[in-house]
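To convert a position in the sequence shown, counted from 1, into our numbering, add 48. Structure, as structure tokens:
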Amino acid sequence: MAYLRMELNNLLREDPVMRIMQLKLLGSLTGPVQAPSSIANKLDAVMELLRLLEEAGFTAGAFAADDLFHLAIVEIMISTESLFNLLKPLVGERPAAETPEST
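Listed below in structure tokens is the structure:
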């Protein structure tokens, strides 16, 4: 677990997306977290990242949204997936919300 926490700290400190967002953890990690879904545009990718951060107990600092939207969607998605992969063993994973079927 100590290794995973160290890797999480490295990701938060070194990843360009995480650095832009100036994340803060008030208290301890929370969870479980839901795996990121496939995304088609930057806005949805950022919203997915924000959802994951909220589930884990992180708060984004004051950042310029333009800086985030100047990144490629792939960078945002890779950062989100990397964060999820580090959080999953630390706080657990919850299943994706099922969408109700139409009748």
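No residue lacks a Cβ here, since even glycine has one placed at the ideal position from N, Cα and C.
Where residue i falls: helix, strand or coil (DSSP)
i, result
"THR107", "strand"
Distance, residue j Cα to residue i Cα
i, j, result
"THR78", "ALA104", "5 Å"
"HIS118", "LEU101", "20 Å"
"ASP63", "MET54", "14 Å"
"THR107", "LEU97", "12 Å"
"ARG67", "LEU60", "7 Å"
"LEU138", "ILE121", "26 Å"
"LEU91", "ALA50", "33 Å"
"ASP115", "GLU129", "20 Å"
"GLU141", "ASN89", "24 Å"
"ILE87", "LYS136", "20 Å"
"ARG99", "LEU56", "17 Å"
"SER150", "SER85", "Reliability of the predicted coordinates at SER150 is poor, the pLDDT of 49 falling under 50, and the value obtained from them is presented with this limitation in mind. In a straight line, the C-alpha of SER150 is about 21 Å away from that of SER85."
"GLU126", "ASN58", "The identity of residue 126 in the sequence shown is Ile, whereas the question assumes Glu. Their backbone Cα atoms lie some 15 Å apart in a straight line."
"LYS72", "VAL65", "14 Å"
Beta-carbon proximity of residue i to residue j, cut-off 8 Å
i, j, result
"VAL81", "ILE124", "no"
"GLN70", "ALA112", "no"
"LEU131", "LEU52", "no"
"ALA83", "ALA145", "no"
Enumerated in chain order, which unbroken segments of the beta strand (DSSP E) with a length of 3 residues or greater are wholly contained in the region 53–132?
71–73 and 106–108
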